[in-house]
Every structure is written in C-alpha cells, then in structure tokens.
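Protein sequence lines correspond, in order, to chains B and X.
Mapping to the working numbering: the first sequence position 142 is 142, numbers consecutive.
Mapping to the working numbering: the second sequence position 95 is 95, numbers consecutive.
First up is the structure itself, then whatever we jot down about it.
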Amino acid sequence: MPQQMHLGEAHEYLDKVIATLQLMNRREKGPLVETLEHLSNFIRSTRNEISSLRPESSNGDYLSSANDELEQIINETANATNAIMSAAEDLEKISETVDEKTRDGIISAVTQIYEACAFQDITGQRITKTIRAIQKIEAKVNALASACGGTHIEPLVELRDIPVVSSDVALLNGPQLSGDAKSQAEIDQLFASA
Amino acid sequence: MVDKNMPVMIVDDYSTMLRILRNLLRQLDFNNVDDATDGTDALQKLHAKKYGLIISDWNMQPMTGIDLLRQVRADADLKHIPFVMVTAESKTENVITAKQAGVSNYIVKPFNAETLKGKLESVLGAFA
C-alpha cells in the first residue's frame, strides 16, 4: 500500500482487499469482511457527501452565492443609508428657513438620523467578517473535495482581502458581540488609566 | 479659542461613516473637512496641507488607523496634530495600544453627536 494516497485510492485498495478476502475460507473471513465492507461503505458515502459540497459543482455553489448575496446586502444598505442621509441633509437646509424653535427640533431629529445611520458601518463590518469566514470554509471544502477526488484542483475562491499592512493584525477584530463590547464609559475609564 | 476653520482630516473606509462625520462636524461648525479612505491615502493628504485635527477609523486596508497614528507621531511635521480614533474595536488591548502610540482620544462606534463633541472639546479645548 502506498504511504500517501487519496481517499479514492484508499477506497479502491480496500475493495481489492475485500475481494481477496472473499476468496478465503468463510469461517476465517466472516467478521473481517463485514467490518471492511462497513468501512468501504462509510468511505464511499463520505466521498459523495464531500463531493456534493464542492463549491464549483452545479448543486453546491451556495457558498459563493451566499458571499455574493452578503456583498449585495452591504451595497444595498449603503445605498439606502446614503438616500436617508441625503434626505436628512435636505431637512437640515430647510431648517435654516424656519423659526428658531422649529429649527432646533429639526436639527435634533436630523442629528439622530445621522447617528442611527452609523448602523451601516457596523453591520458592514460584521457582514465582511462573515464573508471572510465563508471564503475560508469554501477554500477548505474545495481542498477536501480535491483530496477525495484524487486529483489536485486549485481552490476556486481566492480570498478577496487586500493584504493588511499592519504590525498589529491581531488587533483587527471589528465590532464585538453585544455582550463583549465595551461602552464609551468603560473605554474612557480604560483610556484614563492606561 | 478653537479655530473651527482649521482643516480637519477624517479617515474611514466606509463612505457612509465619512458622510456622517462630515455632517456632525458641520453641525459643530467645522466646515473645512477633507477625507481619506485609509492610512496611506490620509498620509499623502496630510503632507499637502497643515491640518489641525485627524479623526480616524482603525480597521482599514491596506494601512490601518493604528499604523497611520504611528506614522503621524513619528513625523516631525505631523506629530503635533491631535488624533482621535473612532472605531468599533473596543477590546482593552486596542485602547492600550492606541494610548501607547499617542492617540489623543478614543471613541467607540456606534457613537452619538454628544460624545463626538465632548471628545473634541477634551482634545482641542472647549468650543465657544
């Protein structure tokens, strides 16, 4: 048996062993053949499962498709946010033509709109983190599928990140989950004591 | 007295955040605002004009906000400029690293207009 083999080759080798055993005395081969047949079936079903996950297969392109959908969400929320801000900016201009009390009310509401529009930055960062995770899974699935198929296929998906030129890559985590995120007050306290 | 006509550089890779910052700064009467989409872009612009304030995100590509801060603090022509980090990075080590690199103040996203005003006043002095 070769020292290194693909799962497909291993499966073929196993089938040969089973065929050889089947020629042997029934009493000796019984439990061993049964075990090997179980193993053979398990490998076959694993191969089929992994092959169906292959990113470029006709029924398995959902990973790339999911990335495209997520990128589309970022673009669409950006467009919507810009439209909301354009309307808020128009309101701010209109506020210059009204009395002071009304103006203050409009400016206060407009400021809240600007503050709320920051959601697009935060959700965009979270979605980008998810896209990167999916890209990594996609690359690993493709590599695994290639190993099972016995032929080497270059990963379909290139990670679309622009290389980060930073000495502190470990500090690039994006927004924290709500339970872990620090408030501005906690940041202030930390900043003062650091 | 804070000179609100001084050029302000805002740096963020999200155009919507640049627009939010520009609008909130305009409400505080800072109207001379330029923007950049990462540290490299910002550094080029910072050498072309005398800026009085830098407000930067951290997580940008290819040059991050922390590396921009270090480059600014290492540059004799730029090191005096107040530098406020506005970022979603809220881990303890981020705040400590930024402080050690010489950041003037640190705002965590999402933030409100009052927080922005308060931090700018603490860095530049009270607004009139």
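All C-beta atoms in this analysis are idealised placements derived from N, C-alpha and C, irrespective of residue type, glycine included.
Pick from Ala88/X, Ile107/X, Leu124/X that is closest to Asp188/B, judged by C-alpha positions: Ile107/X
Could you name the residues that DSSP lists as bridge partners for Phe83/X? Ile54/X
Hey, does Ser90/X have any beta-carbon neighbour from chain B nearer than 8 Å? yes
Look at the alpha carbon of Ser45/B and the alpha carbon of Ala116/B, and state the distance between them as a whole number of angstroms. 50 Å
Counting only Cβ pairs nearer than 7 Å, list the residues of chain B close to Glu121/X. Near Glu121/X there are no residues of chain B at all, since even the closest Cβ is about 14 Å away, more than 7 Å.
So which residues of chain X does Ala121/B contact, with C-beta pairs closer than 7 Å? Per the sequence shown, the amino acid found at residue 121/B is Asp instead of Ala. Residues of chain X passing the Cβ test: Tyr14, Thr16, Met17, Lys109.
Given that Gly124/B touches chain X, what residues does it touch there, using C-beta distances under 7 Å? Tyr14
Where Val11/X sits in the DSSP three-state scheme: strand
Same chain, Cβ closer than 6 Å to Ala88/X, neighbours up to 5 away in sequence not counted: Lys109
Partners in chain X for Leu211/B, counting only beta-carbon separations shorter than 7 Å: Given that chain B is displayed from residue 1 to residue 194, the structure contains no residue 211/B and the question cannot be resolved.
CB contact check: Asn31/X to chain B, cutoff 8 Å: no
Cα-Cα separation, Ile10/X to Val2/X: 18 Å
In chain X, which residues lie less than 7 Å from Gly105/B when you measure between Cβ atoms? What Gly105/B touches in chain X: nothing, since even the nearest Cβ is about 14 Å away.
Taking Phe30/X and Ser56/X to be in contact with their CB atoms under 8 Å, please state how far apart those CB atoms are, rounded to whole angstroms. Not quite, the Cβ-Cβ distance comes to about 15 Å (not below 8 Å), so this is no contact.
Within-8 Å CB hit, Thr97/X to chain B: yes
How many Å lie between Asp75/X and Phe191/B at the Cα? 24 Å
If you count every other CB in all the chains shown that lies within 10 Å of the CB of Asp104/B, and 16 or more means buried, which is it? exposed
Since Gln120/B and Thr115/X should fall inside the 8 Å C-beta cutoff, what is the C-beta to C-beta distance between them, to a whole number of angstroms? 18 Å between Cβ atoms; not a contact.
Helix, strand or coil at Val98/B according to DSSP, with G and I counted as helix: coil
Classify Met85/B as helix, strand or coil using the three-state DSSP reduction. helix
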